[in-house]
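One structure is given here, and the rest of the page talks about it.
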Amino acid sequence: MRSKIVAGNWKMNLTFDEADELVNDMLDRLDEEHEMKCEVIVCPPFPYLEMLTDMEYEEQKFNVGAQNCSAYDKGAYTGEVSAKMLKSLDVDYCIIGHSERRKYFGETNEILAEKVNRVIENNMSPIYCVGEVLEEREAGRHFEVVKEQLEKGLFHLDGDAIYDAIIAYEPVWAIGTGKTATPEQAQEMHAYIRQLVKEHYDQAAADDIRILYGGSCNAKNATELFSQPDVDGGLIGSASLKAEDFVSICKQASKLMKD
Ligand code: PEP
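Residue numbers in the sequence shown follow numbering that gives the first Met the number 0, run continuously in steps of one, and reach 258 at the last position.
Set out below in structure tokens:
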């Protein structure tokens with residue numbers, strides 16, 4: 000059975016002291032949860048990565064991911080952060096292609112394919128985000144849009160590398176809006192994505208790959224979303240900024256995992 004993953008995306012929030020407080024609160028609460036079986040990933044802004052990777056080693060309760068990386072390897076690219084730098088801080092995951100990066104920073108599927116390559120070359124796992132905007136869903140184009148995002152940005156990976164990837168389905172109309180996809184809508188798209196993985200790779204890759212749901216997932220709706228057969232956990236935005244809510248979501252994911 001695939002293990003569940005709960006990944007928190009802090010986005011561009013929190014001062015250093017607030018981040019420190021949040022992670023300590025989260026660790027205290029995780030301590031109380033002896034049955035935490037799901038994998039927990041925390042994705043803070045770049046300046047806080049080292050604080051979190053240090054704590055990760057001490058506490059062994061969560062893994063650390065970045066929210067983005069450069070498409071370039073190294074060199075004269077002022078303001079960029081390379082995948083190699085992230086790896087040198089012991090970061091193991093990197094979100095690639097979040098809809099906010101696609102929308103506000105012009106990241107195309109072609110740029111994202113390069114970022115995925117840098118992440119894989121540096122032995123990290125990309126959390127590759129896909130999802131349609133409201134107009135695309137209303138026009139019945141959501142499957143087509145997600146297929147193109149996957150085919151251009153992720154499915155160039157060879158058979159072995161795809162095993163390192165995680166996919167996050169995040170309908171853009173559900174991100175930060177309080178409007179969650181129904182469990183049926185999430186399941187339908189996750190099953191479709193898994194079928195695409197089977198067609199491009201094989202049954203083993205399709206059975207193995209973790210597909211997370213993201214978009215207004217919170218402590219109230221996590222169980223019903225995560226109980227869908229093809230939903231392997233969540234990518235959590237706002238609710239990851241409250242330790243109580245985030246740990247509750249992790250606990251719900253863990254409960255759904257059989258011994
Ligand atoms: C996200 O930004 O990845 C996300 C899922 O945000 P929220 O949970 O706030 O909708």
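We put the CB at the ideal spot given by N, CA and C, even for glycine. Just so we're clear, the structure is a prediction, and the values are computed from it rather than from any experiment.
Per DSSP, the bridge partner or partners of residue i
i, result
"Ala65", "Cys93"
"Cys216", "According to DSSP, which records beta bridges pairwise, Cys216 is partnered with nothing at all."
Boundaries (first-last residue) of the beta strand (DSSP E) holding residue i
i, result
"Leu211", "Arg209 to Gly213"
"Ser124", "Ser124 to Val129"
"Ala8", "Reading off the sequence shown, one finds Asn at residue 8, where the question assumed Ala. Ile4 to Asn8 is the span of the beta strand (DSSP E), which, as asked, contains Asn8."
"Tyr168", "Ile165 to Tyr168"
"Leu234", "Gly232 to Ile235"
Straight-line gap, residue i to residue j (C-alpha atoms, nearest Å)
i, j, result
"Arg140", "Glu243", "37 Å"
"Cys216", "Gly233", "7 Å"
"Met256", "Lys3", "7 Å"
"Gly177", "Gly214", "8 Å"
"Glu120", "Ala75", "20 Å"
"Asn67", "Ile94", "6 Å"
"Gly64", "Val41", "6 Å"
"Lys254", "Lys36", "8 Å"
"Arg136", "Phe15", "38 Å"
"Gly7", "Ala138", "31 Å"
"Asp201", "Asp19", "43 Å"
"Phe104", "Trp9", "18 Å"
"Lys102", "Gly175", "14 Å"
"Glu55", "Ala190", "33 Å"
"Arg249", "Asn62", "Here residue 249 is Cys; the residue named in the question, Arg, does not match the sequence. For Cys249 and Asn62, the distance between alpha carbons rounds to 13 Å."
"Tyr71", "Ile192", "28 Å"
"Gly236", "Asp157", "30 Å"
Close Cβ partners of residue i (< 8 Å) along its chain, the five nearest in sequence each way excluded
i, result
"Ala185", "Tyr168, Tyr212, Leu224, Gln227 and Val230"
"Leu13", "Leu21, Pro43, Pro44, Tyr47 and Leu240"
"Val246", "Met25, Arg28, Leu29 and Glu32"
The alpha helix (DSSP H) enclosing residue i, as first and last residue numbers
i, result
"Gly152", "His141 to Gly152"
"Val196", "Pro182 to His199"
"Cys249", "Ala242 to Lys254"
"Ala40", "Checking the displayed sequence, the identity of residue 40 turns out to be Ile instead of Ala. No alpha helix (DSSP H) holds Ile40; the beta strand (DSSP E) holding it covers Glu38 to Cys42."
"Lys102", "Ser98 to Tyr103"
"Ala18", "Phe15 to Glu31"
"Ser87", "Ala82 to Ser87"
"Phe225", "Ala221 to Phe225"
"Thr52", "Leu48 to Glu58"
"Lys114", "Asn108 to Glu120"
"Glu134", "Leu133 to Glu137"
Chain-order list of residues whose beta-carbon lies under 6 Å from that of residue i (same chain, five-residue window excluded)
i, result
"Met188", "Tyr168"
"Trp171", "Note that residue 171 corresponds to Val in the displayed sequence, not to Trp. Hits under 6 Å: Ser98, Gly130 and Val132."
"Pro182", "Glu223, Leu224 and Gln227"
"Leu88", "Leu48, Glu49 and Thr52"
"Phe154", "His199"
"Val144", "Glu131 and Glu135"
"Ala252", "Lys3, Val5, Cys37, Phe225 and Gly232"
"Val39", "Val5, Phe61 and Cys249"
Sequence-distant residues of its chain with Cβ nearer than 7 Å to residue i (five each side left out)
i, result
"Leu195", "Lys146 and Leu149"
"Tyr162", "Ala204 and Asp207"
"Gly152", "Gly96, Asn108, Leu111, Ala112, Val115 and Tyr127"
"Lys73", "Ser81 and Lys83"
"Ala173", "Thr179, Ala180, Gly214 and Ser215"
"Met123", "Ala82, Leu85, Lys86, Val90, Asp91, Tyr92 and Cys93"
"Glu106", "Gly96 and Arg100"
Beta carbon proximity, residue i to chain C, threshold 9 Å
i, result
"Gln227", "Included in the structure is just one protein chain, with no chain C present."
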